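Mapped onto the working numbering, the consecutive letters of the sequence shown carry residue numbers 104 to 566. Think of the CB as a built atom: it goes at the ideal place given N, C-alpha and C, for glycine as much as any other residue. For clarity, every value in this text was computed on a predicted model and none was experimentally measured. Take a look at the structure below.
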Amino acid sequence: MFFKHIYDTSLAQGSYLIGCQAKGEAIVIDAKRDVDTYLEIAKENNLTITHITETHIHADFLSGSRELAEITGAQLYLSDEGGADWQYEFLHESLKHGDKIKVGNLTLEVIHTPGHTPESISFLLTDHPASDEPVMIFTGDFVFVGDIGRPDLLEKAAGITGTQEKGAHEMYRSVQDFSKLPPHIQVWPGHGAGSACGKALGSVPSSTVGYEKIRNWACRFESDEEGFVQYLLEGQPEPPKYFAMMKKLNKVDRPLLTEVPKHPKLSETEFLQKYTDGIKVIDTRNKVEFAKGFIPGSINIQNNKTLSTWSGWLLNYDEDFVIVAPEEEMDEITRKLMRIGLDRIAGFISDVNLPGIKLEQADVIGIEEFKTYLGKEEIQIVDVRGKTEYEEGHVEGAENVFVGTLPQNLDKISRDKQVVIHCQSGDRSAIAYSLLKKNGFNHVKNYSGGMKEWREKGNPVTS
């Protein structure tokens, strides 16, 4: 058996290419959209991708299964569980609980594991030349290392009311069935630490059923279904705004993108015309470089592991935008954005020093200056972290306005007072600062050290 775990750190998302080397056949599970990765792996290992499948209709990334099927001609196998509302709307082979996919000498048995979503399935793999006992389970967003998938996304992100309680009870039953599997079976999940698909995902890439029965909190509620449901639903992070769009695009028959696009480097004249016309500018440079000088109205979303997530929060799928980035980073940036369907890049520039544009500088302050603003009526302190983080501990007097929903909550920010923002360690407050400046807030300071520095210096927090 050939086995490859492909991990996208930008979305903390795992996909898999598993092959039978004797027969030269391979299957891909939960493909990301830039599918050239799988084609290269298969070619290097003398495998032909003959089967493609998914664990569920994804909400956190735009699946590349159909792109991969279009290129390779491989058969697409997808869940037919969950009822009429949870069917894929394009041609595929349907899978039900107990069905088996044969890939050379390998067998993947379908297990219906609802909870995260009604149609979710897992795949129990048997490597027949080695044994007739299953050795791996691919759980998607069902069981993670140390956590399980959240059942509230359909309600909170997609607006399907009444689904989170039902999903939580379904998840309880699925976990009970999972716990009955042989303890030696390896668990390969769809996500790792950093994903918004759970609240406490481990950073170890895989586990075993036996280890999860010891370590995973979800396996400790054997006879307490209500306690399980309550714990599962409380404290989940805010689902990114783009999740609803992913849920739709992964279900319907959409246009395919079978190559990674190459975007043009704009001349000064071309950029200035677009800028004058009001196009959105996303500056992906490091927050320190951005603070030294940025194009007025540009939004600072750094090219790091969270570029995709914050772009999904703040960009619309029906608008063009321009990227500020070094040319050598554009392939990486394009891949990160196409993985969540943000394809409308109208070009890029690498130098912000342009004729006719006077750059602005960010007002970044340190901890000692930050302290001088606390407890004053004429100052508004704004914590732009998530609600759960804020409730676990914040600076006394700070108000919570989450950066992801800041554009919809500008009325909560004073235009008259001096506003001082912060987050955990400066990345999110850099985004928030640029958003506020873009929207005409002139009295803003950014305490970039954030709660990380505040706590390290021994300062008090309140909850």
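| Query | Result |
| --- | --- |
| Would L120 count as contacting chain D if we go by Cβ distances under 8 Å? | Absent from the structure: chain D. Only one protein chain is present. |
| Closest by CA to I471, which one among Y550, G396, N512 and G500? | A small fix is needed here, since residue 471 is Glu in this sequence, not Ile. Of the listed residues, the one whose Cα sits closest to E471 is Y550. |
| What does DSSP give as the partner residues of V425 in its beta bridges? | V384 |
| Hey, is the region 211 to 218 in contact with the region 370 to 379, meaning 3+ C-beta pairs nearer than 8 Å? | no |
| Rank P221, Y180 and A177 by C-alpha distance to the C-alpha of A187 and give the top, closest one. | P221 |
| Just the C-alpha distance for V425 and T387, rounded to the nearest angstrom, thanks. | 10 Å |
| For G295 versus A115, is the C-beta spacing smaller than 8 Å? | yes |
| Quick check: the region 400 to 408 against the region 354 to 365, are there 3 or more CB pairs under 8 Å? | no |
| Under 8 Å, with one C-beta from each stretch per pair, do the region 228 to 246 and the region 158 to 172 reach the 3-pair mark? | yes |
| Taking its Cβ as the centre, do 16 or more other Cβ atoms sit within 10 Å of V397, making it buried, or is it exposed? | One detail in the question is off: residue 397 reads as Phe in this sequence, not Val. Answer is buried; the Cβ neighbour count reaches 16. |
| Three-state secondary structure (DSSP) at I160? | coil |
| Might you give, ordered along the chain, the residues of its own chain that have their beta carbon closer than 7 Å to the beta carbon of L513, omitting 5 neighbours on each side? | N542 |
| Would you list the residues sitting across from T210 in a DSSP beta bridge? | K205 and T229 |
| When every heavy atom of the ligand PLP is checked, does at least one fall within less than 7 Å of the C-beta of A172? | Absence of the ligand PLP from the depicted structure is noted, as is the absence of any ligand whatsoever, leaving it without description. |
| Please identify the residue among Q521, G553, T508 and V547 whose C-alpha is closest to the C-alpha of S528. | G553 |
| Mind checking H287: buried by the 16 CB within 10 Å criterion, or exposed? | exposed |
| Hey, which unbroken runs of the alpha helix (DSSP H) at 4 residues or more fall wholly within the region 232 to 296? | 256 to 259 and 266 to 281 |
| Quick check on the DSSP output: what are the complete beta strand (DSSP E) runs of length 3 or more inside the region 118 to 161, in order along the chain? | 128 to 132 and 151 to 156 |
| Would you call H497 buried or exposed, if buried means 16 or more other Cβ atoms sit within 10 Å of its Cβ? | buried |
| Going by other Cβ atoms of all chains shown within 10 Å of its Cβ, with 16 needed for buried, is L462 buried or exposed? | exposed |
| Round the Cβ separation of K107 and I144 to the nearest angstrom and send it over; I've been treating them as touching at under 8 Å. | 6 Å |
| Pull up the distance between the alpha-carbon of D202 and that of Y334, whole angstroms please. | 33 Å |
| State the DSSP-derived secondary structure class of T361, mapped to helix, strand or coil. | coil |
| Flag this pair as touching only if the region 516 to 525 and the region 482 to 501 have three or more C-beta atom pairs under 8 Å; answer yes or no. | yes |
| Taking 6 Å as the limit between beta carbons, can you name the residues of its chain near K560, skipping five residues before and five after? | none |
| Would you grab the beta carbon distance between I402 and I534 for me? Rounded to a whole angstrom, and I think it's under 8 Å. | 7 Å |
| Along the chain, where does the beta strand (DSSP E) that runs through E196 open and close? | E196 to L198 |
| Between G489 and the rest of its own chain, which residues show a CB-CB distance below 7 Å, the 5 nearest in sequence each way excluded? | P340, E341 and F505 |
| Below 7 Å CB to CB, which residues in the same chain sit around C300 once its five sequence neighbours on both sides are set aside? | D163, D244, G252, R253 and H294 |
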